[in-house]
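Engineer: Numbering-wise (our numbering), the sequence shown opens with residue 862 and increments by one. Think of the CB as a built atom: it goes at the ideal place given N, C-alpha and C, for glycine as much as any other residue. Here the structure is a predicted model, which means the values were calculated and not measured.
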Amino acid sequence: MQLPLKITYRGLEKSEKIDDLVVEYAGRLEKFCDHINRCDVAIEQPNHAHHKGNQFRVRIDVTVSRGHELVSDEQQKDNGAHDPLNKVIHDAFKKGMEERSYLETIAKIDQEPFYLNTEDYRAFVRRTVPEQKQLMEELGFKPE
862 MQLPLKITYR GLEKSEKIDD LVVEYAGRLE KFCDHINRCD VAIEQPNHAH HKGNQFRVRI
922 DVTVSRGHEL VSDEQQKDNG AHDPLNKVIH DAFKKGMEER SYLETIAKID QEPFYLNTED
982 YRAFVRRTVP EQKQLMEELG FKPE
């Protein structure tokens, strides 16, 4: 991943699993918008002393070329659902890609909105990676 990505934790411990999830979603942004200069993700659990009813907040701040800044902020209460933090991370990235400012910005740089849920994204990767590999071989590029 080439995208400069910064992940900050507030009120909860750093987790490799969460880092991997954020890197996956940020990588999706990079795949469909190649003009991203920076992506900062802040993951918060403001009331981390409680075990039930904790709220998670994820703020994503993306800067694209020409100085445009896009912000997505999502907050979700843990109501005992499975992996509430994974859901709020997903929702924050999805919400950011639906914001009017995001849509206007990517239109200015000749990009189109393209969001896939996890299952569709995996299918897209399974389909396109072999196509891209074949194209690279046809062009004479060899793996190192």
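Is it true that the CB of residue 957 sits closer than 8 Å to the CB of residue 904?
Structural biologist: no
Engineer: Hey, could you find the ends of the alpha helix (DSSP H) residue 965 is sitting in?
Structural biologist: 961-969
Engineer: Which same chain residues, not among the five before or five after residue 982, have their C-beta less than 8 Å away from its C-beta?
Structural biologist: 889
Engineer: Starting from residue 994, trace the alpha helix (DSSP H) in both directions and tell me its first and last residue.
Structural biologist: 979-999
Engineer: With 16 other CB atoms within 10 Å as the buried threshold, where does residue 923 fall?
Structural biologist: buried
Engineer: Between the C-alpha atoms of residue 1003 and residue 987, what's the straight-line distance to the nearest angstrom?
Structural biologist: Looking at the two C-alpha atoms, the distance is approximately 20 Å.
Engineer: Which residue wins for smallest C-alpha separation from residue 935, given the options 959, 996 and 928?
Structural biologist: 959
Engineer: In whole angstroms, give me the CA-to-CA distance for residue 969 and residue 962.
Structural biologist: 11 Å
Engineer: Report the CB separation of residue 919 from residue 902 in whole angstroms; it is logged as a contact under 8 Å.
Structural biologist: 7 Å
Engineer: Is residue 943 buried or exposed, if buried means 16 or more other CB atoms sit within 10 Å of its CB?
Structural biologist: Residue confidence for residue 943 is low, a pLDDT of 47 falling below 50, so the modelled location carries little weight and cannot support an answer.
Engineer: Measure the C-alpha to C-alpha separation of residue 971 and residue 876 and round it to an integer number of angstroms.
Structural biologist: 36 Å
Engineer: Taking the beta strand (DSSP E) that residue 870 falls in, what are its first and last residues?
Structural biologist: 866-871
Engineer: Whole angstroms are fine: how far does the CA of residue 932 sit from the CA of residue 882?
Structural biologist: 19 Å
Engineer: Give every residue of the same chain whose Cβ lies closer than 6 Å to the Cβ of residue 952, excluding the five residues on either side of it in the sequence, and list them in chain order.
Structural biologist: Taking C-beta separations shorter than 6 Å and ignoring five residues to either side along the sequence, the partners of residue 952 in its chain run 935, following chain order.
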